[in-house]
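Participant: Sequential numbering from 145 applies to the sequence shown in our numbering.
Where a beta carbon is used, it is the ideal one built from N, C-alpha and C, also for glycine.
Note that this is a predicted model, so its numbers are computed, not measured.
The structure that follows is given in the form of structure tokens.
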Amino acid sequence: EEPIEYLVVDVPEKSMGGVMELVGNRKGELVRMDNREGQVHLEFTIPARGLIGLRTRMLTATQGTAIMHHNFHEYAPARGDVPGRANGVMISMAGGSVNAFALNNLQQRGVMFVEPTQEVYEGMIVAENARDNDMPVNPTTAKKLTNMRTTSSDENIILKPARKMTLEQALEYIEEDELVEATPQNIRLRKQLLTENARKKAGRGRPTEVVEV
Numbered sequence: 145e146e147p148i149e150y151l152v153v154d155v156p157e158k159s160m161g162g163v164m165e166l167v168g169n170r171k172g173e174l175v176r177m178d179n180r181e182g183q184v185h186l187e188f189t190i191p192a193r194g195l196i197g198l199r200t201r202m203l204t205a206t207q208g209t210a211i212m213h214h215n216f217h218e219y220a221p222a223r224g225d226v227p228g229r230a231n232g233v234m235i236s237m238a239g240g241s242v243n244a245f246a247l248n249n250l251q252q253r254g255v256m257f258v259e260p261t262q263e264v265y266e267g268m269i270v271a272e273n274a275r276d277n278d279m280p281v282n283p284t285t286a287k288k289l290t291n292m293r294t295t296s297s298d299e300n301i302i303l304k305p306a307r308k309m310t311l312e313q314a315l316e317y318i319e320e321d322e323l324v325e326a327t328p329q330n331i332r333l334r335k336q337l338l339t340e341n342a343r344k345k346a347g348r349g350r351p352t353e354v355v356e357v
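Following this line, the structure appears as structure tokens:
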């Protein structure tokens, strides 16, 4: 069994479809619906785990117009898996300080969670992969120095802003083989098993593709 919450949402009629889809994807079931002069009053039962990150997504889907609250309803048989994220992640293979040169190459393959000079460790999740597989990477790789000067190799590096998450967003984002580390200064994501060898032996996570920067 699992805890079930009673969720109440008031939303403009034009945004009702987005709310129904969001709650339905999280195993929510509609109990009651009333139309009140352009405003729709919706009542659902939903697994407590389905509420993680729901408020942020609902406000986005309704342009900030949704009003929602919930409270404990009952324990009931588990309703099955809530769909996870479609994308894999990039996992640091090394510890150290993030290098801008490495990020410049990696940002072509996904969305970065870290910035230059930030400290990382092996097993830390540093980016979302554009594909559905996990990818061990080394974000600390520095540019190889040579005696030759070339204009093409000395171009200015332009990095996209790193994606930052709230604690609620991070908890919603992770999969079963991942953890959230929360401190007063930082919110980090990591794999439960920090080394690639340990993850392979345990058969945890998604298929991986190693990329050299």
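Quick check on DSSP: helix, strand or coil for L337?
Facilitator: Numbered from its first residue, the sequence shown carries residue 337 at position 193. L337 falls in the coil class under three-state DSSP.
Participant: Might you give, ordered along the chain, the residues of its own chain that have their beta carbon closer than 6 Å to the beta carbon of M177, omitting 5 neighbours on each side?
Facilitator: Position 33 of the sequence shown holds residue 177. Excluding residues within five positions, the ones whose Cβ falls inside 6 Å are L186.
Participant: Count Cβ pairs between the segment 209 to 229 and the segment 150 to 164 that sit closer than 8 Å; are there 3 or more?
Facilitator: The segment 209 to 229 vs the segment 150 to 164: in contact.
Participant: Residues in the same chain with beta-carbon distance under 8 Å from Q262, minus the five sequence neighbours each way, listed in chain order, please.
Facilitator: On the sequence shown, residue 262 is found 118 positions in, with the first residue counted as 1. S241 and V242.
Participant: Is there contact between the segment 186 to 197 and the segment 242 to 251, where contact requires at least three CB pairs shorter than 8 Å?
Facilitator: Cβ pair count under 8 Å is below three, so no.
Participant: Taking the alpha-carbon of I302 as reference, which of R332, K171, E259 and L333 has the nearest alpha-carbon?
Facilitator: Here residue 302 is taken as the residue at index 158 of the sequence shown, counted from 1. The shortest Cα separation from I302 among R332, K171, E259 and L333 belongs to E259.
Participant: Taking C-beta to C-beta, are V163 and T200 nearer than 8 Å?
Facilitator: In the sequence shown, the residue the question calls residue 163 occupies position 19. In the sequence shown, the residue the question calls residue 200 occupies position 56. Cβ distance not < 8 Å, so V163 and T200 don't count as in contact.
Participant: Look at the alpha carbon of A274 and the alpha carbon of P305, and state the distance between them as a whole number of angstroms.
Facilitator: One-based indexing of the sequence shown puts residue 274 at position 130. One-based indexing of the sequence shown puts residue 305 at position 161. Each residue's Cα considered, the two are about 16 Å apart.
Participant: Quick one: give me the first and last residue of the beta strand (DSSP E) that V233 is part of.
Facilitator: Within the sequence shown, residue 233 is the residue found at index 89, counting from 1. Unbroken beta strand (DSSP E) run through V233: V233 to S236.
Participant: Where do the N-terminal and C-terminal ends of the beta strand (DSSP E) with Q183 fall, by residue?
Facilitator: As a position in the sequence shown, residue 183 is number 39, starting the count at 1. Q183 to P191 is the extent of the beta strand (DSSP E) around Q183.
Participant: What does M279 pair with, by DSSP beta-bridge criteria?
Facilitator: The residue given as residue 279 occupies position 135 in the sequence shown. M234.
Participant: Taking Cβ to Cβ, would you say E319 is nearer than 8 Å to G228?
Facilitator: Start at 1 with the first residue of the sequence shown, and residue 319 comes out as number 175. Start at 1 with the first residue of the sequence shown, and residue 228 comes out as number 84. In this structure, G228 lies closer than 8 Å to E319 by Cβ.
Participant: Locate the alpha helix (DSSP H) running through G228, then write down its first and last residues.
Facilitator: Counted from its first residue, the sequence shown places residue 228 at position 84. Per DSSP, G228 belongs to no alpha helix (DSSP H) and is neither H nor E.
Participant: Pull up the distance between the alpha-carbon of R170 and that of T339, whole angstroms please.
Facilitator: As a first step, residue 170 must be located in the sequence shown, where it is residue number 26. As a first step, residue 339 must be located in the sequence shown, where it is residue number 195. When rounded, the distance between both Cα atoms is 32 Å.
Participant: Taking H217 as the reference, which of L323, N341 and P147 has the closest Cα?
Facilitator: Reading the sequence shown from its first residue, position 73 is the one you call residue 217. That would be P147, whose Cα lies nearest to the Cα of H217.
Participant: Restricting to Cα atoms, I'd like to know which of N277, R223, E181 and G172 is closest to V233.
Facilitator: Within the sequence shown, residue 233 is the residue found at index 89, counting from 1. Per the Cα distances, N277.
Participant: Rounded to whole angstroms, what's the CA-CA distance from T294 to K288? Just pull it up for me.
Facilitator: Residue 294 sits at position 150 when you count from the first residue of the sequence shown. Residue 288 sits at position 144 when you count from the first residue of the sequence shown. Note that T294 has pLDDT 49, beneath the 50 cutoff, so the model's placement of it is unreliable and no number is given.
Participant: Taking its Cβ as the centre, do 16 or more other Cβ atoms sit within 10 Å of N282, making it buried, or is it exposed?
Facilitator: If you number the sequence shown from 1, residue 282 lands on position 138. With 16 or more other Cβ atoms within 10 Å, it is buried.
Participant: Report the three-state DSSP secondary structure of M160 (helix, strand or coil).
Facilitator: Against the sequence shown, residue 160 aligns to sequence position 16. DSSP places M160 in helix when its eight states are reduced to three.
Participant: Go ahead and label P221 buried or exposed: buried means 16 or more other beta carbons lie within 10 angstroms of its beta carbon, across all protein chains shown.
Facilitator: Locating residue 221 in the sequence shown gives position 77, where the first residue counts as 1. With fewer than 16 Cβ atoms within 10 Å of its Cβ, P221 is classed as exposed.
Participant: Looking at M142: is its Cβ nearer than 8 Å to the Cβ of R223?
Facilitator: Because residue 142 is not part of the residues shown, which for the chain are 145 to 357, the question remains open.
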